[in-house]
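Numbering (this note's numbering), first residue to last: 13 to 484. One structure below.
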């Protein structure tokens, strides 16, 4: 009984242990599923933020390149500059707005805030300079259009002046005047070079304006001097008709170029501002690129530091689940071993019980063997085995049979005594009958019959007595 109770207690303790491990396993699995679910939900959001930060790096370089090409007069570059500027602004604002989302409550946003703050300082300056370039778009494109026309016109002027110089030499005109005419070819070249430098932003706007204005003025005065004469400039009027015709053509062409040059002079300040903005963008491009990289790193670290949805947490939970499954497997194996031991114990006890039962049955049969021979003095041993109740019942039955036989014997004895008395009485009556034979001759037949009957009864009683004695 104690062993059974101990096993029952052990079984209960094992079941409690299994229940605790199973509960912890279910809890871990639920946490793991929740973590995986949150990761599936949050991962695309984190990936988009990181991709947006990487996109800012690409856009920062595109803005710098488009800004340089825009001030160079590229029409498409202005279009792409506006697109990249707006894309950067929208993407950056989206990243800044992400700080207000709920998932940042589950992680430390300080690194992201710092990266956004640093990027904001750089971007605001780049954005302002980009807006400056876009503001002067028409001016830049117009000036480059003018420069294109000048680059087509000035070679024509140079060619015409070269012809003028050749004709002046052929007509033996003054060498000083020929030298002045030849200088016009070089002056036209310098005008074209000044325009290209102005458009490229390579010189100071004030110096460029003054030099360009002076060259235009000088070129016009000398051309008009050859046609009309200008003593102050030291230029004499040329009277050769062929040369004058060429000079007149040069004057007409230069008149249109002069109006275009005026547009350049009037717009050179705005062009200079556009170039300065482009230079600043180029200088800030590295910082803007670094800011985008810092944003990418900050969002990556923020995502990795968030506990919910963290892949490392999922890995740890998987290890915990595997560990708990291992514990449950070991407990299951231990339960199986305990069941085997318990089954073996039960089989052993059952075998021992069967052997005891068999011995008890054989003992009972041996004790009842005398009863089969009619020995009512036999007595079965009463034990705690299941045959004990049978033995007790058999003993009771034997006692009752013994009492019954005793009662029968007493009855037989009484019948025998009665028979003897009857026989004696019959003898006396017979004697009396013989003595009174004569007196009762008439009744002798009846008495004789009675004697025979009594003798028959006596015989039956004797047989009964013998049977009773044989039974006892």
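The beta-carbon is built from N, C-alpha and C at its ideal position, and this holds for glycine as well. A quick note: this is a predicted structure, and the numbers were derived from the prediction, not measured.
C-beta atoms of residue 221 and residue 277 nearer than 8 Å
yes
Can you round the beta-carbon distance between residue 96 and residue 293 to whole angstroms, since I take them to be within the 8 Å contact cut?
At roughly 11 Å, the Cβ-Cβ gap does not stay under 8 Å, so residue 96 and residue 293 are not in contact.
Whole runs of the alpha helix (DSSP H) within the stretch 187-226, excluding any shorter than 4 residues:
Taking only runs of at least 4 residues, the alpha helix (DSSP H) segments lying wholly in the stretch 187-226 are 187-212.
Taking a contact to mean a Cβ-Cβ separation below 8 Å, would you say residue 255 touches residue 172 in this structure?
No, the pair does not count as a contact, with Cβ atoms beyond the cut-off.
Since I believe residue 72 is in contact with residue 304 (beta carbons under 8 Å), could you give me their beta-carbon distance rounded to a whole number of angstroms?
6 Å
With which residues is residue 247 paired in a DSSP beta bridge?
242
In whole angstroms, what is the alpha-carbon distance linking residue 158 and residue 257?
26 Å
On a CA-only basis, which of 226, 238 and 85 is nearest residue 208? Give me that one, please.
85
Short of 6 Å in beta carbon distance, which residues of its chain neighbour residue 226, apart from the five on each side in sequence? Order them along the chain.
none
What residue range is occupied by the uninterrupted alpha helix (DSSP H) comprising residue 252?
Looking at the DSSP string, residue 252 is not in any alpha helix (DSSP H), and its letter there is neither H nor E.
Between the alpha carbons of residue 88 and residue 82, how many angstroms are there, rounded?
Cα-Cα distance, rounded: 8 Å.
Enumerate in chain order the residues of its own chain whose CB-to-CB distance from residue 138 is below 7 Å, with the five nearest sequence positions on each side excluded.
75, 293, 296 and 300
Exposed or buried, which one is residue 64 when buried takes at least 16 other CB atoms within 10 Å?
buried
Nearest-angstrom Cβ-Cβ length linking residue 310 and residue 123, presumed shorter than 8 Å
Residue 310 to residue 123, Cβ: 4 Å. Contact.
For residue 260, the three-state DSSP class (helix, strand or coil)
Three-state result, residue 260: helix.
Where does residue 464 sit, in a helix, a strand or coil, going by DSSP?
helix
Give the straight-line distance between the Cα atoms of residue 242 and residue 189, rounded to the nearest whole angstrom.
12 Å
Just the Cα atoms here: how many angstroms apart are residue 228 and residue 206?
11 Å
So, residue 260 versus residue 239, is the Cβ gap smaller than 8 Å?
For the pair residue 260 and residue 239, the CB atoms are nearer than the 8 Å cut-off.
Any chance the stretch 341-350 sits against the stretch 150-165, with 3 or more Cβ pairs inside 8 Å?
no
Taking DSSP as the reference, what is the three-state secondary structure of residue 148?
coil
Within the same chain, show all residues whose beta-carbon is closer than 6 Å to that of residue 149, passing over the 5 residues directly before and after it, in chain order.
90
Just confirm the distance between the C-beta atoms of residue 265 and residue 169, as a whole number of angstroms; I'd bet it's less than 8 Å.
6 Å
Report all residues from its chain with a CB closer than 7 Å to the CB of residue 202; omit the five preceding and five following residues, and keep chain order.
227
Distance check for residue 355 and residue 334, CA to CA, integer angstroms please.
31 Å
Buried or exposed (CB count within 10 angstroms, at least 16 for buried), residue 285:
buried
CB of residue 189 to nearest heavy atom of the ligand HEM: below 7 Å?
The model depicted lacks the ligand HEM and carries no ligand whatsoever.
For residue 213, count neighbouring Cβ atoms within 10 angstroms of its own Cβ and tell me buried if that reaches 16, exposed if not.
buried
Leaving aside the five residues before and after residue 377 along the sequence, list all residues of the same chain whose C-beta is less than 7 Å from its C-beta, in chain order.
none
Report the option in 196, 268, 272 and 224 whose CA atom is closest to the CA atom of residue 237.
196
Relative to the C-alpha of residue 248, which residue among 146, 186, 360 and 287 is closest?
186
Given residue 174, which residues of its chain have a CB within under 7 Å of its CB, disregarding the five upstream and five downstream residues?
197
Please identify the residue among 144, 253 and 70 whose C-alpha is closest to the C-alpha of residue 308.
70
Can you name, in chain order, every residue of its own chain whose Cβ lies under 8 Å from the Cβ of residue 134, other than the five neighbours on each side?
296, 299, 300 and 303
Got a sec, what are the start and stop residues for the alpha helix (DSSP H) residue 110 sits in?
Careful: residue 110 lies outside any alpha helix (DSSP H) and carries neither H nor E.
When the distance is taken between beta carbons, is residue 283 closer than 8 Å to residue 210?
Yes, the pair counts as a contact, with Cβ atoms nearer than the cut-off.
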